[in-house]
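One structure is given below, encoded as structure tokens.
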Amino acid sequence: AQKITQTQPGMFVQEKEAVTLDCTYDTSDQSYGLFWYKQPSSGEMIFLIYQGSYDEQNATEGRYSLNFQKARKSANLVISASQLGDSAMYFCAMREGRISGTYKYIFGTGTRLKVLA
Amino acid sequence: KAGVTQTPRYLIKTRGQQVTLSCSPISGHRSVSWYQQTPGQGLQFLFEYFSETQRNKGNFPGRFSGRQFSNSRSEMNVSTLELGDSALYLCASSTLGQGETDTQYFGPGTRLTVL
Numbered sequence: 478a479q480k481i482t483q484t485q486p487g488m489f490v491q492e493k494e495a496v497t498l499d500c501t502y503d504t505s506d507q508s509y510g511l512f513w514y515k516q517p518s519s520g521e522m523i524f525l526i527y528q529g530s531y532d533e534q535n536a537t538e539g540r541y542s543l544n545f546q547k548a549r550k551s552a553n554l555v556i557s558a559s560q561l562g563d564s565a566m567y568f569c570a571m572r573e574g575r576i577s578g579t580y581k582y583i584f585g586t587g588t589r590l591k592v593l594a
Numbered sequence: 003k004a005g006v007t008q009t010p011r012y013l014i015k016t017r018g019q020q021v022t023l024s025c026s027p028i029s030g031h032r033s034v035s036w037y038q039q040t041p042g043q044g045l046q047f048l049f050e051y052f053s054e055t056q057r058n059k060g061n062f063p064g065r066f067s068g069r070q071f072s073n074s075r076s077e078m079n080v081s082t083l084e085l086g087d088s089a090l091y092l093c094a095s096s097t098l099g100q101g102e103t104d105t106q107y108f109g110p111g112t113r114l115t116v117l
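Protein chains in written order, with our numbering: chain A, 478 to 594; chain B, 3 to 117.
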């Protein structure tokens with residue numbers, strides 16, 4: 478079973494609009510972390526935002542916010558005021574195994590976002 | 003702080019050869035992980051090193067190996083290259099296990115082409 482599911486292979490958004498990229502996860506760990514990364518065509522994975530499983534407030538970093546719904550096991554990324562430079566591949570990832578010491582990071586298959594002028 | 007660096011950035015090899023990739027983590031980070039990224043399989047975890055010890059390993063054949071040095075720099079080796087090993091190899095470092103935030107920061111990657 479997929480541990481990280483990103484159901485949107487591709488998304489379009491108009492410049493200056495907001496967009497939500499979906500991510501659902503599956504884990505039996507009580508302590509885990511959720512991450513979003515951006516990968517432009519250059520290939521480098523750029524860290525965007527982090528949410529810990531015990532964090533009660535949704536994480537925000539500038540124009541990025543993470544809509545964390547623990548009971549639904551979802552961690553959607555919201556990008557506000559989209560810019561042309563936001564066009565890239567976006568990956569949702571989960572870190573589990575902190576307590577057991579196995580420290581596994583699992584990535585979703587990604588969502589390709591295209592911002593339209 | 004300088005980011006994660008990887009060398010070389012691009013490599014072209016032929017089948018049967020071996021290759022060594024290098025990764026220098028962010029200063030102070032003792033955890034280094036390696037990933038293989040291909041269009042068909044996505045991002046797959048290879049292994050993670052912490053304080054010179056392999057702490058975690060993905061499902062890759064023994065042709066893929068790695069090591070970490072006392073300065074936390076890490077190398078990854080692939081022996082007897084196959085066409086399917088063509089991929090972007092990403093290295094990431096973090097402070098995971100050092101009692102701080104465990105965000106992984108990635109390097110620019112090494113793009114390996116096997117002919």
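Where is the CB? At the ideal position from N, CA and C, for every residue including glycine.
Range of the contiguous beta strand (DSSP E) that encloses residue i
i	result
K515/A	510-516
R69/B	66-70
V34/B	33-40
T7/B	7-9
C569/A	565-573
E77/B	76-80
M522/A	Looking at the DSSP string, M522/A is not in any beta strand (DSSP E), and its letter there is neither H nor E.
I583/A	581-584
G111/B	Element bounds for G111/B: n/a, residue is neither H nor E.
A594/A	First-last for A594/A: undefined, no H or E at that position.
A552/A	551-556
Short CB-CB distance (under 9 Å) between residue i and chain A
i	result
F108/B	yes
L114/B	no
L76/B	Strictly speaking, residue 76/B in this sequence is Ser, with Leu absent from that position. Taking Cβ atoms only, chain A never reaches closer than 9 Å to S76/B, which makes this a no.
G111/B	yes
S24/B	no
Cutoff 9 Å: residue i Cβ touching any chain B Cβ
i	result
T586/A	yes
F568/A	yes
G574/A	yes
Y580/A	yes
G539/A	no
F489/A	no
I583/A	yes
Okay, do the stretch 17-30 of chain B and the stretch 494-514 of chain A touch, 3+ Cβ pairs below 8 Å being the bar? no
contact_flag[the stretch 497-505 of chain A, the stretch 568-575 of chain A] where n(CB pairs < 8 Å) is 3 or more: yes
Identify each residue in the stretch 36-60 of chain B for which the Cβ-Cβ distance to at least one residue of chain A is less than 7 Å, and report them in chain order. G44, L45, F47, E50, R57, N58
Any residues in the stretch 514-535 of chain A with a beta carbon nearer than 7 Å to a beta carbon of chain B? Which ones, in chain order? G520, E521, M522, F524, Y527
Pull out every residue of the stretch 80-105 of chain B whose Cβ sits closer than 8 Å to any Cβ of chain A, in chain order. Correct list: L90, L92, A94, L98, G99, T103, D104, T105.
contact_flag[the stretch 77-97 of chain B, the stretch 36-44 of chain B] where n(CB pairs < 8 Å) is 3 or more: yes
Decide yes or no for the touch test of the stretch 11-18 of chain B against the stretch 577-593 of chain A: beta carbon pairs closer than 8 Å, at least 3 of them. no
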